[in-house]
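Engineer: Chains as they are written, first to last, in this note's numbering: chain E, 1 to 298; chain U, 1 to 289. We put the CB at the ideal spot given by N, CA and C, even for glycine. Have a look at this one before I ask anything.
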Amino acid sequence: MATASVGIRRPAFAARWGRALAPYFLVFPGAGWLAVFFLFPLFTLAITSLMSGDFIAGFVFTWNIGNYAYGLNLYAPQYLHSLEFGGSATLIAFLLAYPAAYWIAFHAGPRKSAYLLIVLLPFFVSFVLRTLSWETLMGDDGPILSPLKSAHILPPDFRILATPVAVTFGLAYTFFPYMLLPIYASLEKIDRRLVEAAEDLFANKVEVFRRVIFPLSIPGVFAGVLLTGIPATADFVNQVLLGGVGTTMIGRVIEQQFVANTNYPLAAALAFVFMLGLLAMLIAYQRLFGTEELMRAR
Amino acid sequence: MAVAAAARPAPRETSTVRRSRLTALLLPGYAHLVILWLFLPIIVMIAFAFNDTHGRYNFAWTGFTLRWFAHPFNIPTLTSAAVTSLWTALTATLISTCIGTMLALAAHRYDFRGKTLIDAVLIMNIAASEVVVGSALLTLFVTYGVGLGATTVVLSQVMFSIPFVAITVRARLAGFDPALEEAAQDLGASPLATFFLVTLPVIFPGVLAAALLALAICLDDYVITSFVAGNVQTFPLWVYGATREGVPPQVNVIGTLIFTAGVLIAVGGAGFRSWRARQFARESSSPIG
C-alpha cells in the first residue's frame, strides 16, 4: 500500500514539472523566432536611425537625432501623400466592401460561402501581377479608355494612369479582402433574432440597418479600416506602377533610401517615425475595441 | 375618423414595398458589380497571356495566340526566379507551420505567463507595415553582417507567416474536445503518441489550411522579400523588376497557371468540406443499431 502510493507520487511529481514546462517548450521556437526576427530588428532599426556616416566608410552610433529632423523636413509631402492616398483608399474599400459583405451575409442564402470564396479568388493571383493588370486596364490606350476616346466621349489627352486616382484605386483593390473579411465576420455573427425583434417592433428596413445591424458591425468596420489602412498607407508598389510624378509615398522614399541610396540612418529614421505613427493608431484601436476582432478577421 | 385611420397606412405600405423592390435590385446589383471589379484585372491578366504581341510591351491587344502557353518557361531568369520562389516559400511554410502550430497548441491548452504578451506580438506582427518590418530586418542583417540571400528570405518569410498559422490553427483547436486527449493518456499513450495519433488527425484540416495560407503569403510577398533578398530573385521580384523593360507574356501564363491551381485547390477544398458535411449529416441521421 505504502509502496504503491510512492509509486504514484513520483510520476505525478515529474508530470507536474512536465506540465509546468510544457507550454514553454511549445512556445519557445515561435516566441524566439519572433523575438529575433521581429522585435529585435525594430531595436536595430531604432539604433540605425541614430547613426551617422556613409555606406563606404561605415555607420557609427552617435545619437544623431538630426536624421529625424532632416527626414521629416525633407519628406513631409510624401508622408502627407501616404496619409491622403492610404486614407482615401481605405474609404473606397469600405464603400465597396460593406454593401457587398452585407449582401453576402444577409441575402446570399445558401450560396453564402460560395460567394465569399468567389470574392477572395482574385487574390490568389500574385499582388504584383494584379497591380500590373491594373496598369494595362487604366492605361491611356487601354481597354477602358481607348474605346471611350475613339467614341469622342473623352478628350484624347484624358488619363487615369499616373494620377492620384489610379494610385488610390489600386490601393483600395490590393487591400480589399482585409476590409471585407472582418466586416463580413462581424455581420455574419449578428443574432438574426435581434433583426426579427426590431422588425416585430415595426422598424422598417432602413431603421433595422441603422439602429441594429450597423452598430453591431462597427468592430468589424474598425478592424477592416485598420487592416486596410496600415498596409495601404505604407505600400509603394501601387504608387510605382500606377502613379506618376508627384504621387510619391513615404514607403517608396524609405525603400529608395535603403536600396538605391544606401543612406541607412536616414531611411531607418523615416521608417521609425512611420512606425510610431501606426503604433499610436494601433494602441488607440486596442483601447477602444480590444484585439478579439483582429484575431477573428484572419 | 376610423376610415381615415384605416386608410392612412395603405399608401405608406405601397411605398415601402416599392422601395424594398428597388433595394432588392440595387443591393445585389451593387454586390455583383463589386465582384466584377474584383475580377477585372484577373480577366486582363488571363487575356494577355493569349496576346500575340511582338514588341517588348504587352499592353495592347494584337491578336490571339497559344504560343506563350507552348513555351511558358523559355525565359531562364524568370523560370529560375519562379523556382526560387517555390522552394523558399515551401521551406518557410514547413518551418512556420510547425512553429505556429506549437504556439496555437500552447495557447489553446495552457495558461502561462507571457500568453497575453505573445498574443500582442502576433497582432503587432500582422498589423505592422511591411515597409517597416522589411527595413528593420535589413538593419538587423546589415548590423550583424549577415549576407542577404535565400537564407534571409526564408528567415523573414517564416517570421511573417507564423502569426497567420498560429491564429488559423487556434481557430480550429477551439472546437477540439480536450477529453479526447485525456482519454488517450488514460489508455497509456505518451504525450507524443497522443499528439500524433489523436490531436494531429483532428486538427489536420486546420493545419493544412494554415500551411496553404502561409504558402500563399510567402509566394506572393514582395515588400519584405525585396528588402532582404540581396541579389536573389523571386517571382514577384522578377516581375516587378521587369516592369521597366516590359513584362513578357510568359509572366501572364505563369500567373494564369498559379491562379488556376489556386482556384482548383480552393474549389476542391470547399467541395470536399460540403461533401463531408453531407456525409456526416447522413451518418448521424441514420438510425444506429
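Between the region 112 to 131 of chain U and chain E, which residues of the former have CB atoms less than 7 Å from a CB of the latter, in chain order?
Structural biologist: The region 112 to 131 of chain U vs chain E, Cβ under 7 Å: 112, 118, 119, 121, 123, 125, 126, 127, 129, 130 and 131.
Engineer: Given residue 148 of chain E, which residues of its chain have a CB within under 7 Å of its CB, disregarding the five upstream and five downstream residues?
Structural biologist: As a first step, residue 148 of chain E must be located in the first sequence, where it is residue number 148. Cβ neighbours of residue 148 of chain E beyond the five flanking positions: 154.
Engineer: Measuring straight from C-alpha to C-alpha, what distance separates residue 166 of chain U and residue 146 of chain U?
Structural biologist: Along the second sequence, read from residue 1 onward, the residue named residue 166 of chain U stands at position 166. Along the second sequence, read from residue 1 onward, the residue named residue 146 of chain U stands at position 146. So the alpha carbons of these two residues sit roughly 28 Å apart.
Engineer: Can you have a look at residue 221 of chain U and say buried or exposed, based on whether 16 or more other CB atoms are within 10 angstroms of its CB?
Structural biologist: In the second sequence, the residue the question calls residue 221 of chain U occupies position 221. With 16 or more other Cβ atoms within 10 Å, it is buried.
Engineer: Measure from the C-beta of residue 254 of chain E to each C-beta in chain U and report whether the shortest distance is under 8 Å.
Structural biologist: Here residue 254 of chain E refers to the residue found at position 254 when the first sequence is read from its first residue. Closer than 8 Å to some Cβ of chain U, the Cβ of residue 254 of chain E qualifies, so yes.
Engineer: Tell me the residue span of the alpha helix (DSSP H) that contains residue 61 of chain E.
Structural biologist: Within the first sequence, the letter at position 61 stands for residue 61 of chain E. Here residue 61 of chain E belongs to no alpha helix (DSSP H); instead the beta strand (DSSP E) covers 58 to 61.
Engineer: By how many angstroms is the C-alpha of residue 247 of chain E removed from the C-alpha of residue 165 of chain E?
Structural biologist: What you label residue 165 of chain E is simply residue 165 of the first sequence in a count that begins at 1. What you label residue 247 of chain E is simply residue 247 of the first sequence in a count that begins at 1. Looking at the two C-alpha atoms, the distance is approximately 10 Å.
Engineer: My output table needs one value for residue 238 of chain E: the three-state DSSP class, helix, strand or coil.
Structural biologist: Along the first sequence, one-based indexing puts residue 238 of chain E at 238. Helix, per DSSP.
Engineer: Run through chain E and tell me which residues come within less than 7 Å of residue 175 of chain U, C-beta to C-beta.
Structural biologist: Counting from one through the second sequence, the residue named residue 175 of chain U turns up at place 175. The premise fails here: residue 175 of chain U is roughly 14 Å from chain E at the closest Cβ pair, so nothing lies under 7 Å.
Engineer: Residue range of the alpha helix (DSSP H) that residue 111 of chain U falls in?
Structural biologist: Here the question's residue 111 of chain U lines up with position 111 in the second sequence. Counting along the chain, residue 111 of chain U falls outside any alpha helix (DSSP H), and DSSP gives it neither H nor E.
Engineer: If you run the structure through DSSP and keep just helix, strand and coil, what is residue 275 of chain E?
Structural biologist: Working through the first sequence from its first residue, we reach residue 275 of chain E at position 275. Three-state result, residue 275 of chain E: helix.
Engineer: Give every residue of the same chain whose Cβ lies closer than 6 Å to the Cβ of residue 302 of chain E, excluding the five residues on either side of it in the sequence, and list them in chain order.
Structural biologist: Residue 302 of chain E is absent from the model: chain E starts at 1 and stops at 298.
Engineer: Hey, quick one: how far does the beta strand (DSSP E) through residue 52 of chain E stretch, first residue to last?
Structural biologist: Locating residue 52 of chain E in the first sequence gives position 52, counting from the first residue. From DSSP, the beta strand (DSSP E) with residue 52 of chain E extends over 51 to 54.
Engineer: On the three-state DSSP scale, how would you describe residue 252 of chain U?
Structural biologist: Counted from its first residue, the second sequence places residue 252 of chain U at position 252. Helix at residue 252 of chain U.
Engineer: Let me check understanding here. Comparing Cα to Cα, which of E:54, E:239 and E:266 lies closest to residue 132 of chain E?
Structural biologist: For the purposes of this step, residue 132 of chain E is identified with residue 132 of the first sequence, where counting begins at 1. Ranking E:54, E:239 and E:266 by Cα distance to residue 132 of chain E puts E:239 first.
Engineer: Would you mind telling me which residues of chain U sit closer than 9 Å to residue 141 of chain E, beta carbon to beta carbon, in chain order?
Structural biologist: Here residue 141 of chain E refers to the residue found at position 141 of the first sequence. Here the neighbours are 59 and 60.
Engineer: Express the C-alpha separation of residue 193 of chain E and residue 108 of chain E in angstroms, rounding to a whole number.
Structural biologist: One-based indexing of the first sequence puts residue 108 of chain E at position 108. One-based indexing of the first sequence puts residue 193 of chain E at position 193. If I take the Cα positions, the gap works out to 18 Å.
Engineer: Answer with yes or no whether the minimum CB distance from residue 111 of chain E to chain U is below 8 Å.
Structural biologist: Counting from 1 along the first sequence, the entry for residue 111 of chain E is found at position 111. No, residue 111 of chain E lies away from the interface with chain U (no Cβ there is under 8 Å from its Cβ).
Engineer: Comparing alpha-carbon positions, which option in E:140, E:176 and E:171 lies nearest residue 160 of chain E?
Structural biologist: As a working note, residue 160 of chain E is residue 160 in the first sequence. Closest option to residue 160 of chain E, Cα to Cα, is E:140.
Engineer: In chain U, which residues lie less than 8 Å from residue 122 of chain E when you measure between Cβ atoms?
Structural biologist: On the first sequence, residue 122 of chain E is found 122 positions in, with the first residue counted as 1. Correct list: 38, 39, 41 and 42.
Engineer: Could you tell me which whole alpha helix (DSSP H) segments of length 4 or greater appear in the region 202 to 246 of chain U?
Structural biologist: Counting whole runs of 4 or more residues, the region 202 to 246 of chain U contains the alpha helix (DSSP H) stretches 223 to 228 and 235 to 242.
Engineer: Taking residue 38 of chain E as part of the alpha helix (DSSP H), name the residues at either end of that continuous run.
Structural biologist: Residue 38 of chain E sits at position 38 when you count from the first residue of the first sequence. Counting along the chain, residue 38 of chain E falls outside any alpha helix (DSSP H), and DSSP gives it neither H nor E.
Engineer: Contact between the region 195 to 206 of chain E and the region 165 to 178 of chain E: three or more CB pairs below 8 Å?
Structural biologist: Touching, no.
Engineer: Any idea what DSSP makes of residue 51 of chain U, helix, strand or coil?
Structural biologist: As a position in the second sequence, residue 51 of chain U is number 51, starting the count at 1. If DSSP states are grouped into helix, strand and coil, residue 51 of chain U belongs with the strands.
Engineer: Just to check my reading of the structure: residue 158 of chain U and residue 92 of chain U have Cβ atoms closer than 8 Å, yes? What is that Cβ distance to the nearest angstrom?
Structural biologist: Numbered from 1 along the second sequence, position 158 holds the residue referred to as residue 158 of chain U. Numbered from 1 along the second sequence, position 92 holds the residue referred to as residue 92 of chain U. Contact flag correct, Cβ pair sits at about 5 Å.
Engineer: Can you tell which of U:227, U:192, U:243 and U:208 has its C-alpha closest to the C-alpha of residue 255 of chain E?
Structural biologist: Working through the first sequence from its first residue, we reach residue 255 of chain E at position 255. The option with the nearest alpha carbon to residue 255 of chain E is U:227.
Engineer: Are the C-beta of residue 283 of chain E and some C-beta of chain U separated by less than 8 Å?
Structural biologist: Numbered from 1 along the first sequence, position 283 holds the residue referred to as residue 283 of chain E. Output row for residue 283 of chain E: interface = no.
Engineer: Between E:21, E:124 and E:99, which lies nearest to residue 260 of chain U when the distance is taken from Cα to Cα?
Structural biologist: Within the second sequence, numbered from 1, the residue matching residue 260 of chain U stands at position 260. When each option's Cα is compared against that of residue 260 of chain U, the closest is E:124.
Engineer: Tell me, to the nearest whole angstrom, how far the beta carbon of residue 116 of chain E is from that of residue 24 of chain E; I am working on the premise that it is less than 8 Å.
Structural biologist: Within the first sequence, numbered from 1, the residue matching residue 116 of chain E stands at position 116. Within the first sequence, numbered from 1, the residue matching residue 24 of chain E stands at position 24. Going by Cβ atoms, the distance from residue 116 of chain E to residue 24 of chain E rounds to 38 Å, so no, they are not a contact pair.
Engineer: According to the neighbour-count rule (16 or more other Cβ atoms, all chains shown, within 10 Å of its Cβ), is residue 70 of chain U buried or exposed?
Structural biologist: The count along the second sequence starts at 1 and reaches residue 70 of chain U at position 70. Residue 70 of chain U is exposed by the Cβ-count criterion.
Engineer: Report the residue from E:174, E:209, E:203 and E:88 whose alpha carbon sits nearest the alpha carbon of residue 241 of chain E.
Structural biologist: Indexing the first sequence from 1 puts residue 241 of chain E at position 241. Nearest option by C-alpha distance: E:174.
Engineer: Assuming the contact rule is C-beta atoms closer than 8 Å, residue 219 of chain E and residue 186 of chain E should be a hit. Round their C-beta distance to whole Å, please.
Structural biologist: Indexing the first sequence from 1 puts residue 219 of chain E at position 219. Indexing the first sequence from 1 puts residue 186 of chain E at position 186. The pair is a contact, with the Cβ atoms about 6 Å apart (cut-off 8 Å).
Engineer: Quick one: is residue 272 of chain U near chain E, going by C-beta distance under 8 Å?
Structural biologist: The residue labelled residue 272 of chain U in the question sits at position 272 within the second sequence. With 8 Å as the cut-off, residue 272 of chain U does not count as an interface residue toward chain E.
Engineer: Have a look at residue 209 of chain E and residue 285 of chain E and give me their C-alpha separation to the nearest angstrom.
Structural biologist: Taking the first residue of the first sequence as position 1, residue 209 of chain E is located at position 209. Taking the first residue of the first sequence as position 1, residue 285 of chain E is located at position 285. One C-alpha to the other measures close to 24 Å.
Engineer: Locate the alpha helix (DSSP H) running through residue 174 of chain U, then write down its first and last residues.
Structural biologist: Position 174 of the second sequence, counted from the first residue, corresponds to residue 174 of chain U. Per DSSP, residue 174 of chain U belongs to no alpha helix (DSSP H) and is neither H nor E.
Engineer: Could you pull the start and end residues of the alpha helix (DSSP H) that residue 252 of chain E belongs to?
Structural biologist: Translated into positions along the first sequence, residue 252 of chain E becomes position 252. It spans 250 to 259 - the alpha helix (DSSP H) in which residue 252 of chain E sits, taken as one unbroken run.
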